[in-house]
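There are 2 protein chains.
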Amino acid sequence: MSTSHWAWGPEPDPDELREMGRLTAAYTGIGDPAAWEEPVPFERVRLAPSRVPVPGELREFCSAEPYQRVTRTYGQAYRDLIRAYRGDFGNAPDLVARPRDEGEVERVLAWASAEGVAVVPRGGGTSVVGGVEARFDGPAVCLDLGRMRRVLEVDEVSRAALVEAGASGPEINGRLPGELRLRFFPQSYEFSTLGGWIATRAGGHYATLHTHIDDLVEAVRAITPAGVWESRRLPGSGAGPSPDRWLLGSEGALGVITRAWVRVQERPAFKVSVPVRFLSWEAAVAAVRDLAQSGLHPSNCRLLDAREAALASGGDGRHAVLIVGFESADHPVDAWSARALEITGGHGGEAGEAGGSPGGARQDREWKGTFTRMPYLRNAYPGLGLIAETFETAVTWDRFPALHEAVMGTFGERIAVSCRLAFAYPDGPAPYYTVLAPAIRGEEVAQWDDLKRRVSEVLLRHGATITHHHAVGRDHRPFYDRQRPEPFALALRAAKQALDPAGVLNPGVLV
Amino acid sequence: MSTSHWAWGPEPDPDELREMGRLTAAYTGIGDPAAWEEPVPFERVRLAPSRVPVPGELREFCSAEPYQRVTRTYGQAYRDLIRAYRGDFGNAPDLVARPRDEGEVERVLAWASAEGVAVVPRGGGTSVVGGVEARFDGPAVCLDLGRMRRVLEVDEVSRAALVEAGASGPEINGRLPGELRLRFFPQSYEFSTLGGWIATRAGGHYATLHTHIDDLVEAVRAITPAGVWESRRLPGSGAGPSPDRWLLGSEGALGVITRAWVRVQERPAFKVSVPVRFLSWEAAVAAVRDLAQSGLHPSNCRLLDAREAALASGGDGRHAVLIVGFESADHPVDAWSARALEITGGHGGEAGEAGGSPGGARQDREWKGTFTRMPYLRNAYPGLGLIAETFETAVTWDRFPALHEAVMGTFGERIAVSCRLAFAYPDGPAPYYTVLAPAIRGEEVAQWDDLKRRVSEVLLRHGATITHHHAVGRDHRPFYDRQRPEPFALALRAAKQALDPAGVLNPGVLV
Chain A
1 MSTSHWAWGP
11 EPDPDELREM
21 GRLTAAYTGI
31 GDPAAWEEPV
41 PFERVRLAPS
51 RVPVPGELRE
61 FCSAEPYQRV
71 TRTYGQAYRD
81 LIRAYRGDFG
91 NAPDLVARPR
101 DEGEVERVLA
111 WASAEGVAVV
121 PRGGGTSVVG
131 GVEARFDGPA
141 VCLDLGRMRR
151 VLEVDEVSRA
161 ALVEAGASGP
171 EINGRLPGEL
181 RLRFFPQSYE
191 FSTLGGWIAT
201 RAGGHYATLH
211 THIDDLVEAV
221 RAITPAGVWE
231 SRRLPGSGAG
241 PSPDRWLLGS
251 EGALGVITRA
261 WVRVQERPAF
271 KVSVPVRFLS
281 WEAAVAAVRD
291 LAQSGLHPSN
301 CRLLDAREAA
311 LASGGDGRHA
321 VLIVGFESAD
331 HPVDAWSARA
341 LEITGGHGGE
351 AGEAGGSPGG
361 ARQDREWKGT
371 FTRMPYLRNA
381 YPGLGLIAET
391 FETAVTWDRF
401 PALHEAVMGT
411 FGERIAVSCR
421 LAFAYPDGPA
431 PYYTVLAPAI
441 RGEEVAQWDD
451 LKRRVSEVLL
461 RHGATITHHH
471 AVGRDHRPFY
481 DRQRPEPFAL
491 ALRAAKQALD
501 PAGVLNPGVL
511 V
Chain B
1 MSTSHWAWGP
11 EPDPDELREM
21 GRLTAAYTGI
31 GDPAAWEEPV
41 PFERVRLAPS
51 RVPVPGELRE
61 FCSAEPYQRV
71 TRTYGQAYRD
81 LIRAYRGDFG
91 NAPDLVARPR
101 DEGEVERVLA
111 WASAEGVAVV
121 PRGGGTSVVG
131 GVEARFDGPA
141 VCLDLGRMRR
151 VLEVDEVSRA
161 ALVEAGASGP
171 EINGRLPGEL
181 RLRFFPQSYE
191 FSTLGGWIAT
201 RAGGHYATLH
211 THIDDLVEAV
221 RAITPAGVWE
231 SRRLPGSGAG
241 PSPDRWLLGS
251 EGALGVITRA
261 WVRVQERPAF
271 KVSVPVRFLS
281 WEAAVAAVRD
291 LAQSGLHPSN
301 CRLLDAREAA
311 LASGGDGRHA
321 VLIVGFESAD
331 HPVDAWSARA
341 LEITGGHGGE
351 AGEAGGSPGG
361 ARQDREWKGT
371 FTRMPYLRNA
381 YPGLGLIAET
391 FETAVTWDRF
401 PALHEAVMGT
411 FGERIAVSCR
421 LAFAYPDGPA
431 PYYTVLAPAI
441 RGEEVAQWDD
451 LKRRVSEVLL
461 RHGATITHHH
471 AVGRDHRPFY
481 DRQRPEPFAL
491 ALRAAKQALD
501 PAGVLNPGVL
511 V
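As given, the protein sequences belong to chains A and B, one line each in that order. Residue 421 in UniProt numbering is what sits at position 421 of the first sequence, and the numbering runs on without skipping anything. Residue 54 in UniProt numbering is what sits at position 54 of the second sequence, and the numbering runs on without skipping anything.
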């Protein structure tokens, strides 16, 4: 089915969407199903004519066709969703280029550099920070990597695979041989792509140890206006600053990532997952800290506060729920799990049934189902008049209590804030907050911008990062500029100038 | 005791040194104790007069005194050792600045930038790649961080410590409270410093997982001519390319690292270490690969080939020996160790006694003792007429057999080459080779350069890295230039130009 011009996935059925809205309102107590608003259909969207004719040398893979342009205008932030829902495509790219190989990527960059047309690289288009929106003056071409999606080579001895940047999660894992898998499951797994993950330092499903795609990358290849940037396949190296770490998080501003060698693993044969309930949030947080500092490296260590637990896994609304899981393709993980439950028990956690037995397995499955279904649920928000912002950060343990208190106290009673600890490091957690508020119809973008500004100020004031795994994009940019070291910004600007002298690569992102 | 002008540590006793030479010759069959050559004493070294008068504004902490200059001329490569032994200090820095705080570091950089004097930052001076030698035209000041060695702050909740760059391994661990330790033990531990480790991406003692200092760094602060580069303390972040990863491996070319927050841990209460013997090298390598891909994360997983095992731990000269160890401050590691021995047994490995019982403990202790004593043993090489090169690399598992065969076959019969796998990653090992050859007296530097060139060509040809944890310095530079992506080199040059417009920071290193 073809992609909707506004929704996550294909165009939703109108009746199902309304029904989802009713359920959401019942669950959250926010939004008004009686005042349901319909999306502006594709035929009625507002789209300016393309300012750039399709260049002859790119015409085989380049288009100015409205559907192409509209479906490449936005990412998936609520800020994007509401504008698309209302039919506002003012920042649509003038052209969409869909290269089939690196040669065609090079041709786009050469043409764009010569003509001064901005290039916005795009993978799955799931950015939630305005990273793929041509939110600047002047013409833009969207460089969609979606046709470069092959698994080119697999080294089963070293367990690594060479994958093209435009391959999505299911495509990568569907094309790896035997039991080999890329164990990386962000919430956007269905649509987001390897190139996008690398460009944004995306976070996967591992709660500890290999939290970001960074940890699974062996080598990267990117096309820059100054030439091909290809690092050597190496398991480790100490030869100067890591070239890969310069591209990881570069958000399309330094080059277009076209392929990468990634570390793959056998699919786990041993899994244990246990839900642990806590009446005290503080005790649950202390348990997560102990787990993160234990060296047990749980694959799952997600703590849902009482509100999230109630929504996500049928919790009772009073207990926080910690899901502790271990997985291995090599060995049973019972010793690991047993020690983890000793730790959580020491903090007053009540362990439920382990995965494999009915309660735990169901709870775990429900949580996972909810996790990957979440983006679809958001489709009902604009019609319902519910405004949503999810933001994530990371902070050291010593600063977390004050940060958490400040975040939870930032909003008034009509705004629901919930928290989960999605990732845990020895030196601090990565909390993920969900903010749900009643929308003022027509004012949603300004409302959202205000929410964003207020939470971002709290993050910076408490020594946290503006993002743990959602990238900077355009929405986080002012706060990122205050967070990063100024000499680093100088160096980054100089590096960009050397690689992209015409300044056409994703303008406004990072530098 | 004061540092020798040529040896590792204080000036060795001449009789003990000769005795060490006799033992080394007996063990290795290389070198001639009868033709023993004495070191040139400090009083007779060749040192040009300083070309730069001590500037008035730096005189409180800056000196042109010969002992200061001589003891800051070299690192600890064999190439350095032999020149120092012969009294050749032609590349001595003209001045030695020993700032007591960041303000004094800034004053050195401001003065040097204005006067066009090169600045060579120095920690413990244990570089084995010419990283701290003023091997260029024009005057140089050595910026010795040795007076900035405090532990400034400890966050026991997050388990992190703020440490000044000039602190050595024992100084850091001696100053951390209670059971907290920085678990990072390079062979140079006694003298090398935190700042040096970060600047060179040094490797510690963990064989898997946290192999480099990179993995233990939470935040870095550096003084650049363009200002203070200080990253935020964060357990994890996805906000753009990591600023810390730009400084890690920057080798003094982008700025002077003055302090860092590092992740510390409790001292392990549970340890198991088991020696496992293999008659077949290939089987031992396969066992290491399986261990590295098992997710068990052994803290020690060092494989010594038969020659290394014989020298280092009394092996029989026929068996390769793999030391497999686990450590934890939180939990017994028996389940981990038992599964590891199942894996090695599956490859035909015969497990010896585990640490705690006499055999294994002795073997493990002997290995560790040898490990930290090794640099002292090298003091006997110049007198004996033995030339030594140790080099390390990393390569993917699929390429390792061909690389190993090529390295072992590069030299003739009179040259002894041995190998250990020092670190193991899921996608490849980091082998460490020792080459011992009879010296042609007076020709050692040219001989060494030829050895280096030959092994480096083999590394590059087989897709390996020019260094896994010894940095690039000046000795690896031509090979590094061929290894790194050219657009990355462009970007690095531009970044350096932005941060160090006068080009005074460690010229010739990296760019």
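Note that beta-carbon positions come from the ideal geometry of N, C-alpha and C, so glycine has one too.
Euclidean distance between Cα positions of residue i and residue j
i: D334(A); j: K271(A); result: 9 Å
i: E327(B); j: S294(A); result: 11 Å
i: R232(A); j: E353(A); result: 46 Å
i: G252(B); j: N506(B); result: 6 Å
i: D32(B); j: G125(B); result: 29 Å
i: R307(A); j: D214(A); result: 32 Å
i: V113(A); j: L296(B); result: One point to set straight first is that residue 113(A) is Ser, not Val, in the sequence displayed. Each residue's alpha carbon lies about 49 Å from the other.
i: V132(A); j: R122(A); result: 6 Å
i: Y206(B); j: P298(B); result: 8 Å
i: E106(B); j: R245(B); result: 22 Å
i: Y74(A); j: S4(A); result: 12 Å
i: G249(A); j: A292(A); result: 25 Å
i: P275(B); j: V324(B); result: 6 Å
i: P438(A); j: R183(B); result: 50 Å
i: P139(B); j: V70(B); result: 15 Å
i: E110(B); j: G56(B); result: The question names Glu, but residue 110(B) is Ala in the sequence shown. Cα-Cα distance, rounded: 13 Å.
i: G360(A); j: S273(A); result: The predicted position of G360(A) is uncertain, since its pLDDT is 45 and thus under 50; no value can be drawn from it.
i: residue 584(B); j: S188(B); result: The question about residue 584(B) has no answer, for chain B in this structure spans 1 to 511.
i: P401(A); j: G428(A); result: 11 Å
i: D155(B); j: E342(A); result: 25 Å
i: E115(B); j: S50(B); result: 15 Å
i: V455(A); j: Q76(A); result: 19 Å
DSSP three-state assignment for residue i, whether helix, strand or coil
i: G355(B); result: strand
i: R79(A); result: helix
i: F61(B); result: coil
i: residue 515(A); result: Nothing about residue 515(A) can be read from this structure; chain A reaches only from 1 to 511.
i: S344(B); result: Reading the sequence as shown, one finds Thr at residue 344(B) and not Ser. DSSP places T344(B) in helix when its eight states are reduced to three.
i: L254(B); result: coil
i: E392(A); result: strand
i: A361(A); result: Here the model assigns A361(A) a pLDDT of 49, short of 50, so the residue's position is not dependable and the matter cannot be decided.
i: L377(B); result: helix
i: E133(B); result: coil
i: V108(A); result: helix
In DSSP terms, what residue i is bridged to
i: W261(B); result: L162(B), A219(B)
i: P121(A); result: L143(A)
i: V151(B); result: V163(B)
i: V96(B); result: S63(B), C142(B)
i: D88(B); result: R46(B)
i: L234(A); result: Looking at the DSSP assignment, L234(A) forms no beta bridge with any residue, so it has no partner.
i: E266(A); result: L180(A)
i: L505(B); result: V119(B)
Where the stretch 469 to 484 of chain A meets chain B: residues whose CB sits under 8 Å from a CB there: H469, H470, A471, V472, H476, Y480, Q483, R484
Ordered list of beta strand (DSSP E) runs contained in the stretch 402 to 487 of chain A, each at least 3 residues: For the stretch 402 to 487 of chain A, whole beta strand (DSSP E) runs of length 3 or above, ordered along the chain, are 416 to 425, 428 to 438.
3-residue-minimum beta strand (DSSP E) runs that sit fully inside the stretch 271 to 336 of chain A, ordered along the chain: 300 to 304, 320 to 328
Where the stretch 407 to 426 of chain A meets chain B: residues whose CB sits under 8 Å from a CB there: Correct list: F423, Y425, P426.
Start-end ranges of the alpha helix (DSSP H) lying completely within the stretch 2 to 39 of chain B, minimum 4 residues: 14 to 28
Chain A contacts from the stretch 151 to 174 of chain B (Cβ-Cβ distance under 9 Å): D155, E156, V157, S158, R159, A160
Residues of the stretch 131 to 142 of chain B whose Cβ lies closer than 7 Å to any Cβ of chain A, in chain order: none
Length-filtered (4 minimum) alpha helix (DSSP H) runs lying within the stretch 165 to 215 of chain A: 169 to 175, 194 to 200
Residues from the stretch 332 to 348 of chain B in contact with chain A, defined by Cβ distance under 7 Å: A335, R339
Residues of the stretch 4 to 30 of chain A whose Cβ lies closer than 9 Å to any Cβ of chain B, in chain order: Result list empty, no residue passes.
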